[in-house]
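**Q** In full-length UniProt numbering, the protein residues as written are 1 to 411.
Structure below.
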């Protein structure tokens, strides 16, 4: 019997082998990012191959704070939500009042399940009276489609078709201006506008995840590389550098910003009931707009507030010493465990040892004293346990005037 593979089966085998070799997707910017990746330090961001760092994580952080840093945000989940009922639908599922969000504006928001537990947080861009873009950490298309029953609205995921870049740092405005984006100086914080690019348009918003002067740019995937080249060319004399996530994560921590499934567990990912969080328990209570109509989780959130059933609070900590307290346990009076640190660093800008932690109430109150963190550090090939004092402090840990300056600073 002839067991020679047919051409069809041979092609199938080749395709299968190719699949296993391609462990992660590439973004539209991947050719340029791969060319700059000296460290080859990658991680999985929603199925995409994304860099922890490209050349030096310390210097990449300082690129954000002293010049201009370019970060690929294409793997961020993006939804186009459009139609006559788009405003009413988003007002129904998110915490903030969408009727107050005018075209050409962006706001930071979150959304909950029926029990009031946070499903995710993200940014909502109002591109026109009837067209929105919702950006988030996790994927929510089935939930959004189920929630849209009865609304005249179209919801489509555009993660693969829309490429995104974050341009952050003190020279970011000058880079955009020199790139020929006329009128970009008119953008105030959380403004957005469309600008001509390569025969089409690019949406630029004055937003970011660093607490610094910065912008986010969204463009059709086929125009991604030309946008990258345009920014790199205009920013060459102003020190523009591509960066990875480690540097961005340090900047966001200084800005006191939180990350889903890092600083809190989203409702869809939580396995244990005590991991679920309401908006008030992760510092997002300010979003809850009780003056608008019904929204997902409203009754449960109000009930928890009335019955004082809010169990946790997410806080900023200042810790003695200079050793980061990453994933450290927080204690009261050195013996009662009261919480856990989710992000920590020695801040070059704040000149403090800072952290974000989730604490049991009432230990997150600024009046509570005698808090300690348990840090394990390697010294001469042996781990040593250190107990360091901590105190609850306000976030953000740093506040840069250039982030909100109008017109933006021209460095």
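In this text, a Cβ means the ideal position worked out from N, Cα and C, and glycines have one as well.
Computed from a prediction, not measured in an experiment: that's the story for all the values here.
Using DSSP with H/G/I as helix, E/B as strand and the rest coil, what is residue 324?
**A** Numbered from 1 along the chain shown, position 324 holds the residue referred to as residue 324. Reduced to three states, the DSSP call for residue 324 is coil.
**Q** Output the residue ranges of the alpha helix (DSSP H) runs that lie fully inside the stretch 292-366 and measure 4 residues or longer, sorted by chain position.
**A** Runs of the alpha helix (DSSP H) inside the stretch 292-366: 298-306.
**Q** Please classify residue 271: is it buried, with 16 or more other beta-carbons within 10 angstroms of its beta-carbon, or exposed?
**A** Within the chain shown, residue 271 is the residue found at index 271, counting from 1. Per the 10 Å Cβ criterion, exposed.
**Q** Going along the chain, which residues of its own chain have a beta-carbon closer than 6 angstroms to the beta-carbon of residue 131, five neighbours each way excluded?
**A** Position 131 of the chain shown, counted from the first residue, corresponds to residue 131. Result list for residue 131: 82, in chain order.
**Q** Assign residue 308 to one of two classes, buried (16 or more other C-beta atoms within 10 Å of its C-beta) or exposed (fewer than that).
**A** Stepping through the chain shown from its first residue, residue 308 is reached at position 308. Answer is exposed; the Cβ neighbour count stays below 16.
**Q** Quick one: Cα of residue 212 to Cα of residue 383, how far?
**A** For this step, residue 212 is matched to residue 212 along the chain shown. For this step, residue 383 is matched to residue 383 along the chain shown. Residue 212 and residue 383: Cα-Cα distance of roughly 36 angstroms.
**Q** The alpha helix (DSSP H) with residue 93 in it runs from where to where?
**A** As a first step, residue 93 is located in the chain shown; it is residue number 93 there, counting from the start. It spans 86-93 - the alpha helix (DSSP H) in which residue 93 sits, taken as one unbroken run.
**Q** Looking at the structure shown, is residue 123 part of a helix, part of a strand, or coil, going by DSSP?
**A** As a position in the chain shown, residue 123 is number 123, starting the count at 1. Three-state DSSP puts residue 123 in a strand.
**Q** Quick one: what does DSSP say residue 66 is sitting in, helix, strand or coil?
**A** In the chain shown, the residue the question calls residue 66 occupies position 66. Here residue 66 sits in helix by DSSP.
**Q** Once you ignore the five residues that flank residue 361 on each side, which residues in its own chain have a CB closer than 7 angstroms to its CB?
**A** Sequence index remark: in the chain shown, residue 361 carries index 361 (1-based). Counting only Cβ-Cβ distances below 7 angstroms, and skipping sequence neighbours, we find 310, 311, 312, 313.
**Q** If contact is defined by three or more beta carbon pairs under 8 angstroms, each pair taking one atom from either stretch, is the stretch 218-238 in contact with the stretch 194-201?
**A** Contact between the stretch 194-201 and the stretch 218-238 is present, because at least three Cβ pairs lie under 8 angstroms.
**Q** Tell me the DSSP bridge mates of residue 100?
**A** As a first step, residue 100 is located in the chain shown; it is residue number 100 there, counting from the start. In DSSP, residue 100 forms no bridge with anything.
**Q** Take residue 401 as the anchor and find which of 323, 214, 164, 302 has the nearest alpha-carbon.
**A** Looking up residue 401 in the chain shown gives position 401. Ranking the options by Cα distance to residue 401, first place goes to 214.
**Q** Only counting the same chain, and skipping five residues up and downstream in sequence, which positions put a Cβ closer than 6 angstroms to that of residue 194?
**A** By one-based count along the chain shown, residue 194 stands at place 194. Excluding sequence neighbours, residue 194 sits near 201, 203.
**Q** For residue 12, which residues from the same chain have a beta carbon less than 7 angstroms from its beta carbon, with the 5 sequence-adjacent residues on both sides left out?
**A** Locating residue 12 in the chain shown gives position 12, counting from the first residue. Low confidence applies here, because residue 12 scores a pLDDT of 49, under 50, leaving its location unreliable and the question unanswered by this model.
**Q** Examine the Cβ distances between the stretch 115-132 and the stretch 165-181 and report whether three or more of them are shorter than 8 angstroms.
**A** No, they do not touch.
**Q** Let's test the definition: count the other Cβ atoms within 10 Å of the Cβ of residue 133 and tell me whether it reaches 16, buried, or not, exposed.
**A** Here residue 133 is taken as the residue at index 133 of the chain shown, counted from 1. Classification for residue 133: buried.
**Q** Could you please give the first and the last residue of the uninterrupted beta strand (DSSP E) stretch that includes residue 412?
**A** No statement about residue 412 is possible, as the shown extent of the chain runs from 1 to 411 and does not include it.
**Q** Quick check on DSSP: helix, strand or coil for residue 40?
**A** Position 40 of the chain shown, counted from the start, is the residue given in the question as residue 40. Coil, per DSSP.
**Q** Assign residue 91 to one of two classes, buried (16 or more other C-beta atoms within 10 Å of its C-beta) or exposed (fewer than that).
**A** Here residue 91 refers to the residue found at position 91 when the chain shown is read from its first residue. The residue is buried, with at least 16 neighbouring Cβ atoms inside 10 Å.
**Q** Quick one: what does DSSP say residue 184 is sitting in, helix, strand or coil?
**A** Position 184 of the chain shown, counted from the start, is the residue given in the question as residue 184. The answer is helix: DSSP assigns residue 184 an H, G or I state.
**Q** Sorry if obvious, but does the Cβ on residue 40 come closer than 7 angstroms to a heavy atom of the ligand SAH?
**A** This structure simply doesn't include the ligand SAH, nor any ligand for that matter.
**Q** Going by CA-CA distance only, name the one from 40, 48, 234 that's closest to residue 26.
**A** As a working note, residue 26 is residue 26 in the chain shown. Taking only the C-alpha atoms, the option nearest residue 26 is 48.
**Q** Can you give me the Cβ contacts of residue 349 inside the same chain, cut-off strictly under 7 angstroms, excluding the 5 residues immediately before and after it?
**A** Stepping through the chain shown from its first residue, residue 349 is reached at position 349. Cβ neighbours of residue 349 beyond the five flanking positions: 65, 254, 398.
**Q** Select from 55, 44, 279, 45 the residue whose C-alpha is nearest the C-alpha of residue 35.
**A** Position 35 of the chain shown, counted from the first residue, corresponds to residue 35. When each option's Cα is compared against that of residue 35, the closest is 55.
**Q** Would you kindly work out how many angstroms separate the C-alpha atoms of residue 340 and residue 330, rounded to a whole number?
**A** Position 340 of the chain shown, counted from the start, is the residue given in the question as residue 340. Position 330 of the chain shown, counted from the start, is the residue given in the question as residue 330. Going from the Cα of residue 340 to the Cα of residue 330 covers about 5 angstroms.
**Q** Return the residue from the list 355, 333, 210, 336 that minimises the CA-CA distance to residue 342.
**A** As a working note, residue 342 is residue 342 in the chain shown. The residue with the shortest Cα to Cα distance from residue 342 is 355.
**Q** For residue 431, list the residues DSSP reports as bridge partners.
**A** With the chain covering 1 to 411 only, the question about residue 431 has no answer from this structure.
**Q** Kindly indicate the opening and closing residues of the alpha helix (DSSP H) around residue 230.
**A** On the chain shown, position 230 is the one that residue 230 refers to. Segment 224-235, the alpha helix (DSSP H) holding residue 230.
**Q** For the alpha helix (DSSP H) containing residue 246, name the first residue and the last one.
**A** As a first step, residue 246 must be located in the chain shown, where it is residue number 246. Looking at the DSSP string, the run of the alpha helix (DSSP H) that includes residue 246 is 245-254.
**Q** Candidates 87, 259, 93: which alpha carbon is nearest residue 101's?
**A** Residue numbering aside, residue 101 sits at position 101 when the chain shown is read from its first letter. Ranking 87, 259, 93 by Cα distance to residue 101 puts 87 first.
**Q** Using C-beta distances below 7 angstroms, list every residue in its chain close to residue 113, excluding the 5 sequence neighbours before and after it, in chain order.
**A** Within the chain shown, numbered from 1, the residue matching residue 113 stands at position 113. Only 119, 267, 296, 297 meet the Cβ criterion.
**Q** Taking the alpha-carbon positions, what's the residue 394 to residue 223 distance?
**A** Your numbering for residue 394 matches position 394 in the chain shown. Your numbering for residue 223 matches position 223 in the chain shown. Taking the straight line from one Cα to the other gives about 41 angstroms.
**Q** Identify which residue in 145, 76, 379 has its Cα closest to the Cα of residue 137.
**A** Here residue 137 refers to the residue found at position 137 of the chain shown. Cα-wise, what sits closest to residue 137 is 76.
**Q** Using 8 angstroms as the threshold, is the C-beta distance between residue 289 and residue 126 below it?
**A** For this step, residue 289 is matched to residue 289 along the chain shown. For this step, residue 126 is matched to residue 126 along the chain shown. The answer is no: Cβ separation not under 8 angstroms.
**Q** Look up residue 143 in the DSSP assignment and say whether it is helix, strand or coil.
**A** Counting from one through the chain shown, the residue named residue 143 turns up at place 143. Here residue 143 sits in helix by DSSP.
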